[in-house]
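Visitor: Residue numbers (this note's numbering): 12 to 112. There's a structure below that I have some questions on.
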(Lines of atoms letter the chains of each structure in order from A and count residues from 1; the text may use other names and numbers.)
(Lines give C-alpha, C1' and ligand atoms only; values in the text may rest on other atoms or scores of the structure.)
Protein backbone atom coordinates (compact mmCIF):
# COMPACT_ATOMS: atom_id res chain seq x y z
CA UNK A 1 0.00 0.00 0.00
CA UNK A 2 1.35 3.42 -0.88
CA UNK A 3 1.09 6.37 1.41
CA UNK A 4 -1.03 9.30 0.41
CA UNK A 5 0.97 12.17 -0.92
CA UNK A 6 -0.23 15.70 -1.31
CA UNK A 7 -0.03 15.26 -5.09
CA UNK A 8 -3.77 15.83 -5.33
CA UNK A 9 -4.47 19.52 -5.58
CA UNK A 10 -5.86 20.80 -2.29
CA UNK A 11 -9.34 22.24 -2.39
CA UNK A 12 -9.75 25.92 -2.85
CA UNK A 13 -10.97 27.68 0.29
CA UNK A 14 -14.09 28.91 -1.51
CA UNK A 15 -16.12 28.83 1.66
CA UNK A 16 -13.79 30.85 3.85
CA UNK A 17 -14.45 34.57 3.93
CA UNK A 18 -11.39 35.66 5.90
CA UNK A 19 -8.31 37.37 4.52
CA UNK A 20 -7.70 36.58 0.88
CA UNK A 21 -4.44 34.82 1.66
CA UNK A 22 -5.71 32.94 4.73
CA UNK A 23 -5.69 29.18 4.12
CA UNK A 24 -8.86 27.19 4.73
CA UNK A 25 -8.88 25.30 7.99
CA UNK A 26 -8.44 21.55 7.88
CA UNK A 27 -12.07 21.12 8.97
CA UNK A 28 -13.22 23.38 6.11
CA UNK A 29 -11.11 21.44 3.61
CA UNK A 30 -12.60 18.16 4.85
CA UNK A 31 -16.13 19.59 4.68
CA UNK A 32 -15.58 20.99 1.19
CA UNK A 33 -14.11 17.71 -0.05
CA UNK A 34 -16.97 15.72 1.47
CA UNK A 35 -19.54 17.98 -0.20
CA UNK A 36 -17.82 17.73 -3.57
CA UNK A 37 -17.70 13.95 -3.34
CA UNK A 38 -21.38 13.74 -2.36
CA UNK A 39 -22.31 15.77 -5.43
CA UNK A 40 -20.05 13.82 -7.78
CA UNK A 41 -20.36 10.26 -6.45
CA UNK A 42 -23.27 10.17 -4.03
CA UNK A 43 -23.22 8.51 -0.61
CA UNK A 44 -21.27 5.50 -1.87
CA UNK A 45 -18.43 7.77 -2.91
CA UNK A 46 -18.21 9.47 0.47
CA UNK A 47 -15.35 7.60 2.10
CA UNK A 48 -12.67 8.77 4.48
CA UNK A 49 -9.95 7.79 2.01
CA UNK A 50 -11.62 9.67 -0.86
CA UNK A 51 -12.02 12.79 1.30
CA UNK A 52 -8.37 12.64 2.36
CA UNK A 53 -7.32 12.38 -1.28
CA UNK A 54 -9.64 15.15 -2.49
CA UNK A 55 -8.56 17.52 0.31
CA UNK A 56 -4.88 16.78 -0.26
CA UNK A 57 -4.46 15.48 3.29
CA UNK A 58 -2.45 12.52 4.58
CA UNK A 59 -4.34 9.23 4.85
CA UNK A 60 -6.20 9.00 8.15
CA UNK A 61 -6.69 12.74 8.58
CA UNK A 62 -10.41 12.61 7.88
CA UNK A 63 -10.85 9.67 10.26
CA UNK A 64 -9.33 11.75 13.04
CA UNK A 65 -11.83 14.52 12.34
CA UNK A 66 -14.93 12.37 11.75
CA UNK A 67 -14.74 8.80 13.07
CA UNK A 68 -17.75 7.36 11.21
CA UNK A 69 -19.36 7.90 7.82
CA UNK A 70 -22.33 9.40 9.67
CA UNK A 71 -19.99 11.91 11.32
CA UNK A 72 -18.43 12.61 7.92
CA UNK A 73 -21.87 13.27 6.44
CA UNK A 74 -22.66 15.59 9.37
CA UNK A 75 -19.39 17.44 8.70
CA UNK A 76 -20.45 17.97 5.09
CA UNK A 77 -23.88 19.24 6.14
CA UNK A 78 -22.37 21.63 8.71
CA UNK A 79 -20.00 22.96 6.05
CA UNK A 80 -22.89 23.58 3.65
CA UNK A 81 -24.79 25.44 6.38
CA UNK A 82 -21.66 27.51 7.03
CA UNK A 83 -21.38 28.34 3.33
CA UNK A 84 -25.04 29.31 3.14
CA UNK A 85 -24.70 31.60 6.15
CA UNK A 86 -21.90 33.47 4.38
CA UNK A 87 -24.08 34.54 1.45
CA UNK A 88 -24.30 38.29 1.13
CA UNK A 89 -27.48 40.06 2.14
CA UNK A 90 -28.96 42.68 -0.23
CA UNK A 91 -27.57 45.45 2.00
CA UNK A 92 -24.06 44.11 1.49
CA UNK A 93 -24.19 44.08 -2.30
CA UNK A 94 -22.18 46.67 -4.24
CA UNK A 95 -24.22 49.81 -4.81
CA UNK A 96 -26.51 49.28 -1.82
CA UNK A 97 -27.33 52.59 -0.16
CA UNK A 98 -28.66 51.34 3.13
CA UNK A 99 -31.03 48.94 4.85
CA UNK A 100 -34.03 47.93 2.80
CA UNK A 101 -32.81 49.28 -0.55
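Don't be surprised by glycine CBs; every beta carbon is placed ideally from N, CA and C. Just so you know, these numbers come straight off a predicted model, no measurement behind them.
Is residue 74 helix, strand or coil when you go by DSSP?
Guide: Three-state DSSP puts residue 74 in a helix.
Visitor: Assign residue 49 to one of three DSSP states: helix, strand, or coil.
Guide: Residue state, collapsed to three classes: helix.
Visitor: Under the rule that 16 or more other beta-carbon atoms within 10 Å means buried, what is residue 102, buried or exposed?
Guide: With fewer than 16 other Cβ atoms within 10 Å, it is exposed.
Visitor: In whole angstroms, what is the alpha-carbon distance linking residue 81 and residue 105?
Guide: Those two C-alpha atoms are separated by around 40 Å.
Visitor: Is the separation between the beta-carbon of residue 59 and that of residue 83 shorter than 8 Å?
Guide: In this structure, residue 83 lies closer than 8 Å to residue 59 by Cβ.
Visitor: Count the other CB atoms within 10 Å of the CB of residue 71; is the residue buried (16 or more) or exposed (fewer)?
Guide: Exposed, since its Cβ has fewer than 16 Cβ neighbours within 10 Å.
Visitor: Within 10 angstroms of its Cβ, does residue 64 collect 16 or more other Cβ (buried), or is it exposed?
Guide: Counting Cβ neighbours within 10 Å, residue 64 comes out buried, since at least 16 surround it.
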